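By the working numbering, the letter at position 90 of the sequence shown is numbered 1458, and the numbering carries on one by one without gaps.
Virtual Cβ for every residue (Gly too), placed ideally from N, Cα, C.
Please read all numbers here as calculations on a predicted model, not as lab measurements.
Data first, discussion second: the structure below is written as structure tokens.
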Amino acid sequence: MIVIKTAREIRQMQDACKLSARALRLAGEAIEPGVSTYEIDTIVRKYIEEQGATPSFLGYGGFPASACISVNNVVIHGIPSKKTILKEGDIVSVDVGAFLNGYHGDNAYTFACGDITKEAQALLDATKESLFMGIKQAVAGNRVGDISAAVQEYTEARSYSVVRDYVGHGVGAKLHEEPSVPNFGTPHRGVRLIPGMTLAIEPMINMGDHRVRVLDDEWTVVTVDGSLSAHFEHTIAITPDGPMILTLPD
């Protein structure tokens, strides 16, 4: 069932989204060579809890941390660790959620650790831009497939591949709600978008093959061919006046 929010509920949800965005920004500011992903996770958890909120991911399905921190060929769901030390040239995807006043905010960004290659930067730029291409299609009267196709067309035109096994989703009182929002699809197909829907749009784009696999920890998702992967995400609301990005820090 798709949960439609009132304008008042969206305003309440925006508080959780802004908090999640601020936590993500803090994580990005902490990324530098020599820092462990555990340290970054600690910063995220401390900030969210100091604001009277709860990290959305902590304990979700048994996940042991407050942020998913995925380095280089890790697509999503990377588990923070004291042993994972960032180095110059890494790309670091951080996915953060915060639960406040009954609602979740969910967002992600792939950061550069120091100087990265031109190829890696191009992947980040294309993935980030594909997110906004998808958001542009998140207007009342369109369908989920319009979002999906916009992401796919933009990234595949640049010879990147779209992860098929994991997709965006509705978000609200639950971290994952209907509908699913794939990053690949056909225009004018799927669920019709109406005001009050709130969606987490999150392109996961690989430099190489689209195939992924899950490691033995049952969380960490990596590219099969070892290629780099980038991940960007915003929580948005469908409004009569167009898409509203809720996960902006200010």
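Leaving out five residues on either side along the sequence, give the residues of the same chain with a beta carbon under 6 Å from the beta carbon of residue i.
i     : result
L1663 : The displayed coordinates of the chain run from 1369 to 1618. Any statement about residue 1663 would go beyond what the structure contains.
P1550 : S1516, V1535
M1381 : Y1471
D1463 : C1436, A1476
I1416 : A1391, P1423, A1466
P1611 : I1503, A1506, I1604
R1393 : P1617
W1587 : H1445, I1447
G1402 : none
Buried or exposed: residue i, going by 16 or more other Cβ atoms within 10 Å of its Cβ?
i     : result
K1373 : buried
A1525 : exposed
I1604 : buried
N1510 : buried
A1375 : exposed
S1527 : exposed
D1493 : exposed
H1556 : exposed
E1583 : Reading the sequence as shown, one finds Leu at residue 1583 and not Glu. Per the 10 Å Cβ criterion, exposed.
V1512 : buried
R1413 : buried
D1514 : buried
D1409 : buried
E1418 : exposed
G1558 : buried
Below 8 Å on the Cβ atoms is my guess for residue i versus residue j; work out the distance and round it to an integer in Å.
i     : j     : result
A1476 : S1461 : 6 Å
A1598 : I1573 : 5 Å
V1442 : V1589 : 7 Å
E1546 : I1370 : 5 Å
K1386 : P1617 : 6 Å
T1523 : P1571 : 7 Å
G1576 : T1591 : 6 Å
A1490 : L1596 : With a Cβ gap of about 10 Å, A1490 and L1596 do not count as contacting.
F1600 : K1496 : 5 Å
Let me check one thing: in DSSP terms, what residues is residue i bridge-paired to?
i     : result
M1612 : A1605
Y1477 : V1462
C1436 : D1463
R1379 : For R1379, which the question treats as bridged, DSSP gives no partner whatsoever.
T1566 : A1605
H1556 : Answer is none; H1556 lacks a bridge partner.
T1422 : F1467
V1530 : I1573
I1453 : S1404
Can you list, in chain order, the residues of its chain whose CB lies under 7 Å from that of residue i, leaving out five sequence neighbours each side?
i     : result
S1424 : G1465, A1466, F1467, H1472, D1474, L1543
Y1406 : P1448, S1449, K1450
A1508 : L1561, I1562, P1563, I1606, P1608
G1594 : N1441
R1579 : V1592
The alpha helix (DSSP H) spanning residue i covers which residue range?
i     : result
I1562 : No alpha helix (DSSP H) contains I1562, which DSSP labels as neither H nor E.
R1413 : 1405 to 1418
M1501 : 1486 to 1504
Using a Cβ-Cβ distance cut-off of 8 Å, determine whether residue i contacts chain B.
i     : result
P1608 : The displayed structure is made up of one protein chain only, and chain B is not part of it.
Hey, could you find the ends of the beta strand (DSSP E) residue i is sitting in?
i     : result
M1546 : According to the sequence as given, residue 1546 is Glu; it is not Met. Its beta strand (DSSP E) spans residues 1545 to 1549.
G1538 : 1536 to 1538
A1518 : From DSSP, A1518 is part of no beta strand (DSSP E) but of the alpha helix (DSSP H) over 1512 to 1524.
I1573 : 1572 to 1574
T1588 : Segment: none, T1588 is in no beta strand (DSSP E) and carries neither H nor E.
I1444 : 1442 to 1444
V1366 : In this structure the chain extends from 1369 to 1618, so residue 1366 is not present and cannot be described.
A1598 : 1597 to 1599
Taking 8 Å as the limit between beta carbons, can you name the residues of its chain near residue i, skipping five residues before and five after?
i     : result
F1552 : S1516, A1517, V1519, Q1520, V1530, R1532
V1439 : T1405, G1446, T1452, L1454, D1458, I1459, V1460, S1461
E1400 : L1454, C1481, G1482
A1384 : A1421, A1466, F1467, L1468, N1469, Y1471, H1472, G1473
A1398 : E1407, I1408, I1411
Taking 7 Å as the cut-off, does the CB of residue i come closer than this to any heavy atom belonging to the ligand ATP?
i     : result
I1444 : For the ligand ATP, the structure offers nothing, since it holds no ligand at all.
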